[in-house]
Amino acid sequence: MEPVKIKLDKSNQLLTDLMPKKFNASGKLWVGFLLVIVVIGFFAYIRQLQKGLVVTDMRDFTSWGIYISNFVFFVAISLVGSLVSAILKLTNVKWRTPLVRISEIIAVAAIFFAAIIIIVDMGRPERFWHLFAYGRIQSPILWDVIVITTYLVVSSLLLYIPLLPDIAICRDLTPESSKFKKWFYTFFALNWRGTAQQYALIHKCINVLAVLVVPLALGIHTVTSWLFATTYRAGWDSSNFGPYFVAGAFQAGCGGVIAVTYVLRNHYNLKKYITTKHFDNMAKLLVLLSLVYLYFNINEYLVPGYKMKTVDGEHLKSLFTGHYAPLFWSVQIFGMIVPIVVMLFKKGRAPLPVFIVSLMVVVGAWFKRFLIVVPTLLHPFIPIQNVPASWHTYMPTWEEWAITAASLAGALLVITFFVRLFPIISIWEMTEEQQTPQIDEQTNLYEAQA
7 MEPVKIKLDK SNQLLTDLMP KKFNASGKLW VGFLLVIVVI GFFAYIRQLQ
57 KGLVVTDMRD FTSWGIYISN FVFFVAISLV GSLVSAILKL TNVKWRTPLV
107 RISEIIAVAA IFFAAIIIIV DMGRPERFWH LFAYGRIQSP ILWDVIVITT
157 YLVVSSLLLY IPLLPDIAIC RDLTPESSKF KKWFYTFFAL NWRGTAQQYA
207 LIHKCINVLA VLVVPLALGI HTVTSWLFAT TYRAGWDSSN FGPYFVAGAF
257 QAGCGGVIAV TYVLRNHYNL KKYITTKHFD NMAKLLVLLS LVYLYFNINE
307 YLVPGYKMKT VDGEHLKSLF TGHYAPLFWS VQIFGMIVPI VVMLFKKGRA
357 PLPVFIVSLM VVVGAWFKRF LIVVPTLLHP FIPIQNVPAS WHTYMPTWEE
407 WAITAASLAG ALLVITFFVR LFPIISIWEM TEEQQTPQID EQTNLYEAQA
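Under the working numbering, think of the first position of the sequence shown as 7, with each following residue one higher.
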């Protein structure tokens, strides 16, 4: 394999456009806003550590609240890494290149904070290590710990290994006067020199990781669904939950990458590389994924709704016409049906409409996870009686909202600082794509002469 030849001078437009840039005023304001949310959330978590989970509204019946809803949401968003980096690569979709690194950092940030939010949900976080020391392999919780840890490692490698050539570019272009930055890029470049052997090895690693991450991604969402499906509860007792969760994760992840891509495209003026074609293609993919998820939603609610067994009926009534009806129908309409209708039309697949629709999908995905977790817990098989009135309902406290918001802000901070330090679009892969047609033309010429 021929090495990718990259000119390290101002004549290379790719370097001018794609090299990481310092935060401008709006960027600093954005970072400050996220840091304020994180600090407030950290203060709320300190209160939770001091006083215990009593500062939350989780009680004997609603033992899982928005922490677990947030965990399931992060797990869902993390699927975007395997969707864009692996599945589109293995199917040889060429236009995916500018979106790959964006999707990979979203996946890593999401799965990292999914792990953190689980620790936050524990009443005794200092005992977290007991999961590894005394965990029982029969428990779906341990399955989830294993698959999340494995997926985090593989996703991090899938982000880091293709990043090596670009880190080396940053190293070579960083002046000697910036000693810390020079050391930082030199350390993480792992002595990358851009030889043919190194490029051959990096392509091999990417192919292996792409194949490996797909079953892992399907596994993490299936095992997460089993945390619910293996519990005999109204609304969770379903063999449909595995594919139901996977389909929802694909939809949420696709919406997430579209939203982040739109913001980065406008803020860093990347319209030359992330074109309207990318939004059109991603919108078509989102329509397909939304239709699949809509099918599983119909299947999930129609069958038990037709039978209306006692406890299942009470649970479904609370969703269809009861306390949670406004939220339930808003999620179904604005999180699935409206996006499908809008993006079926070509004008609806323009960048701005797709961005708005993707935000609707992502917000709807978070509240969908809330509806999966909380209403079921409020409808146990044994009637709720002889308990305080507050146990009959669940309303998250400010501490819960603050910690949840801090986890979301933390994930966005990871993405923000990553973009500040590294090229968000792969320079070497874009250069390789530009050089490939020339190589193909030369090959065809040699064949014709022969």
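Backbone N, C-alpha and C define an ideal beta-carbon position, used for all residues, glycine too.
Whole angstroms is fine: what's the gap from residue i's alpha carbon to residue j's?
i	j	result
residue 284	residue 101	7 Å
residue 253	residue 226	13 Å
residue 452	residue 209	Model confidence at residue 452 stands at a pLDDT of 38, short of 50, so the residue's coordinates are unreliable; what they give is reported in the following sentence. Distance between the alpha carbons of residue 452 and residue 209 is about 26 Å.
residue 344	residue 336	10 Å
residue 440	residue 273	25 Å
residue 374	residue 342	11 Å
residue 95	residue 404	43 Å
residue 349	residue 355	5 Å
residue 123	residue 18	43 Å
residue 322	residue 142	34 Å
residue 433	residue 172	6 Å
residue 455	residue 203	Any reading at residue 455 needs caution, since the residue's pLDDT is 43, under 50, leaving its predicted position unreliable; the model's value is listed next. Cα-Cα distance, rounded: 30 Å.
residue 296	residue 428	32 Å
residue 67	residue 399	9 Å
residue 242	residue 22	52 Å
residue 236	residue 383	14 Å
residue 93	residue 416	27 Å
residue 448	residue 211	Residue placement at residue 448 cannot be trusted, given a pLDDT of 41 that sits under 50; the coordinates are not used to answer.
residue 26	residue 381	45 Å
residue 444	residue 201	Its pLDDT being 45, under 50, residue 444 is placed unreliably in this model, and the value from its coordinates should be taken loosely. Their Cα atoms are separated by approximately 20 Å.
residue 108	residue 215	17 Å
residue 249	residue 229	11 Å
residue 311	residue 286	36 Å
residue 309	residue 324	16 Å
residue 1	residue 64	As displayed, the chain neither begins before 7 nor continues past 456, which places residue 1 out of reach and without an answer.
residue 184	residue 126	38 Å
residue 140	residue 379	27 Å
residue 54	residue 74	16 Å
residue 57	residue 406	13 Å
Below 8 Å on the Cβ atoms is my contact criterion, and I expect residue i with residue j to pass it. Report the Cβ-Cβ distance as a whole number of Å.
i	j	result
residue 263	residue 105	6 Å
residue 289	residue 360	5 Å
residue 292	residue 261	6 Å
residue 231	residue 251	4 Å
residue 195	residue 367	Contact flag wrong, Cβ pair sits at about 37 Å.
residue 103	residue 401	Their Cβ separation, rounded to whole angstroms, is 46 Å, which puts residue 103 and residue 401 out of contact at 8 Å.
residue 269	residue 112	No, residue 269 and residue 112 are not in contact; Cβ-Cβ is about 12 Å, not under 8 Å.
residue 411	residue 43	5 Å
Below 8 Å, how does it come out for the stretch 128-140 and the stretch 170-184: are there three or more Cβ pairs, yes or no?
Cβ pair count under 8 Å is below three, so no.
So within the stretch 208-282, which uninterrupted beta strand (DSSP E) runs reach at least 3 residues, ignoring any that extend past its ends?
Runs found: none.
Which runs of the beta strand (DSSP E) spanning at least 3 residues fall entirely within the stretch 279-305, listed in chain order?
Taken in chain order, the complete beta strand (DSSP E) segments of 3 or more residues contained in the stretch 279-305 number zero; there are none.
Take every Cβ of the stretch 79-92, pair it with every Cβ of the stretch 215-223, and state whether three or more of those distances are shorter than 8 Å.
Contact between the stretch 79-92 and the stretch 215-223 is present, because at least three Cβ pairs lie under 8 Å.
Can you give, in chain order, each stretch of the beta strand (DSSP E) that sits fully within the stretch 137-207 and has at least 3 residues?
Listed in chain order, there is nothing to give.
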